Amino acid sequence: MSESVEILRGGEVYRAIESAEVRLSLETLAPSWSIQYAADRSGDPQGPIEVEDRVTVRLGGEELLTGDVDRTTYAQDDRGWTETAEGRGLTSALVDCSSMLRPGRWQQIAVDALARALCDPFGVPVELHGDGGARFPRFAVQPGEAPGDALARAARLRGLLAYLRGDTLVFSRAGADRTGTVIRPGAGVSRFESTVDYARRMSEYHVRGQVRSTDAQHGKHATHVHYVSRDEGVRRHRPLIVHSSGEHVSLKRRAELEKNRRAGRSERVRVTLGSWRTAEGSLWRPNMLARVAHPRARIDAELLVVSAAYHADGKERSVTLELTRPESFDVGRYPARRR
Numbered sequence: 336m337s338e339s340v341e342i343l344r345g346g347e348v349y350r351a352i353e354s355a356e357v358r359l360s361l362e363t364l365a366p367s368w369s370i371q372y373a374a375d376r377s378g379d380p381q382g383p384i385e386v387e388d389r390v391t392v393r394l395g396g397e398e399l400l401t402g403d404v405d406r407t408t409y410a411q412d413d414r415g416w417t418e419t420a421e422g423r424g425l426t427s428a429l430v431d432c433s434s435m436l437r438p439g440r441w442q443q444i445a446v447d448a449l450a451r452a453l454c455d456p457f458g459v460p461v462e463l464h465g466d467g468g469a470r471f472p473r474f475a476v477q478p479g480e481a482p483g484d485a486l487a488r489a490a491r492l493r494g495l496l497a498y499l500r501g502d503t504l505v506f507s508r509a510g511a512d513r514t515g516t517v518i519r520p521g522a523g524v525s526r527f528e529s530t531v532d533y534a535r536r537m538s539e540y541h542v543r544g545q546v547r548s549t550d551a552q553h554g555k556h557a558t559h560v561h562y563v564s565r566d567e568g569v570r571r572h573r574p575l576i577v578h579s580s581g582e583h584v585s586l587k588r589r590a591e592l593e594k595n596r597r598a599g600r601s602e603r604v605r606v607t608l609g610s611w612r613t614a615e616g617s618l619w620r621p622n623m624l625a626r627v628a629h630p631r632a633r634i635d636a637e638l639l640v641v642s643a644a645y646h647a648d649g650k651e652r653s654v655t656l657e658l659t660r661p662e663s664f665d666v667g668r669y670p671a672r673r674r
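Each residue of the sequence shown is one higher than the last, beginning at 336 in my numbering.
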């Protein structure tokens with residue numbers, strides 16, 4: 336199998352690539368890529384890659400993402416000259432732009448239907464993998480809000496992840512894929528890093544908000560809501576107030592998700608592997624579960640791949656994975672850290 340980076344433009348494989356970086360992440364709606372190629376291509380009929388070219392990025396023959404070129408750079412030094420092209424996935428428009436839908440309000444809408452309404456103007460297909468949860472009684476896009484921000488908010492309220500796979504925005508639960516590969520010292524690992532950072536982790540999350548009155552809920556108790564979620568992993572007194580709005584169950588979920596999200600970001604594992612592929616032969620991808628076993632770092636758990644950064648330079652191939660507890664993206668009980 337050829338472990339090469341390929342850029343398809345107009346259906347044709349673009350050649351002369353010298354090095355490449357591709358980054359996918361569950362925490363960034365628009366994945367990114369960059370390539371460097373020789374500027375001197377005498378007789379090459381393909382010509383340079385231009386801004387706004389639509390391209391598809393493939394690794395080892397497998398499609399990773401489709402998107403547009405954002406930036407090109409020409410550089411020259413005493414060793415010669417090169418050109419660089421950088422871009423992001425189709426979902427970059429959802430991040431950069433504002434929603435122009437009017438009135439931008441829906442009632443009793445499912446998360447995938449909402450996503451299609453927001454993504455259709457930008458030509459981004461949507462898929463829901465598994466159960467999307469209950470319909471939103473009400474959902475509104477704020478004036479000037481980016482579709483990506485609204486989608487992230489909707490996904491978070493339903494305990495879903497939203498990420499680009501190929502040319503499609505996928506909504507899925509955490510841990511959609513699993514590998515039998517065990518990440519341990521010496522098993523193709525060139526670098527291992529475990530970080531614990533409590534700077535943004537709080538002991539209590541107070542979510543306060545307002546919900547509209549209904550036949551079953553009305554008056555003061557219906558409009559003013561306060562939920563508290565406590566992080567037992569934090570010993571210091573560190574309360575945080577978060578203002579939100581929505582149905583009661585959404586506010587409660589928001590409190591749990593805020594706690595788990597911050598807890599997950601406080602405990603991360605970062606590893607660099609010498610192969611893009613798992614033991615089964617599939618590419619390492621975000622939203623994949625893998626066991627990490629490192630006695631010295633006091634880690635032996637099944638963790639979720641949050642991001643994968645693929646690197647190619649000449650014959651060198653590597654991937655850097657960032658992993659965390661899968662509970663970071665759900666409302667379950669976050670496991671206590673071994674002290």
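Here a beta-carbon is modelled for each residue, glycine too, at the ideal position from N, C-alpha and C.
Keep in mind it's a predicted model, so treat the numbers as computed, not measured.
Asked, Found
"Boundaries of the alpha helix (DSSP H) in which residue 483 is found, first to last residue", "482-492"
"Buried or exposed by the 16-neighbour rule on C-beta atoms within 10 Å, applied to residue 434", "buried"
"Helix, strand or coil at residue 674 according to DSSP, with G and I counted as helix", "In this predicted model, residue 674 has a pLDDT of only 47, less than 50, meaning its place in the structure is not dependable; the value taken from the coordinates is given anyway. If DSSP states are grouped into helix, strand and coil, residue 674 belongs with coil."
"Selected residue, minimal CA-CA separation from residue 495, among 424, 533, 520, 468", "468"
"Backbone CA spacing between residue 346 and residue 383 [nearest angstrom]", "15 Å"
"Neighbour-count burial assignment, residue 650, 16 or more Cβ in a 10 Å radius", "exposed"
"C-alpha distance - residue 406 paired with residue 356, whole-angstrom precision", "14 Å"
"Residue 542 versus 488, 498, 576, residue with shortest Cα-Cα distance", "576"
"Chain-order list of residues whose beta-carbon lies under 8 Å from that of residue 674 (same chain, five-residue window excluded)", "For residue 674, the predicted model reports a pLDDT of 47, less than 50, meaning its position is unreliable and no value from the coordinates is stated."
"Distance between residue 527 and residue 473 (C-alpha atoms, nearest Å)", "45 Å"
"Residue 427: first and last residue of the uninterrupted alpha helix (DSSP H) it sits in", "427-431"
"Cutoff 8 Å; reference residue 614; Cβ partners in own chain excluding five residues on either side", "514, 515, 516"
"Span of the alpha helix (DSSP H), counted from its first residue to its last, around residue 560", "It is not in any alpha helix (DSSP H) - residue 560 instead sits in the beta strand (DSSP E) that spans 560-565."
"Nearest-angstrom Cβ-Cβ length linking residue 608 and residue 523, presumed shorter than 8 Å", "5 Å"
"Nearest candidate by alpha-carbon position, reference residue 409, set 373, 388, 629, 430", "373"
"Backbone secondary structure at residue 601 - three-state DSSP", "helix"
"First through last residue of the alpha helix (DSSP H) which encompasses residue 644", "Element bounds for residue 644: not the alpha helix (DSSP H) but the beta strand (DSSP E), 634-648."
"Straight-line gap, residue 360 to residue 621 (C-alpha atoms, nearest Å)", "6 Å"
"Span separating the alpha-carbon of residue 341 from that of residue 398", "9 Å"
"Among 478, 464, 512, 477, the one whose alpha carbon lies nearest that of residue 446", "464"
"Other residues of its chain near residue 566: CB distance less than 7 Å, five sequence neighbours each side excluded", "536, 537, 538, 594, 598"
"Segment limits, alpha helix (DSSP H) that includes residue 452", "446-454"
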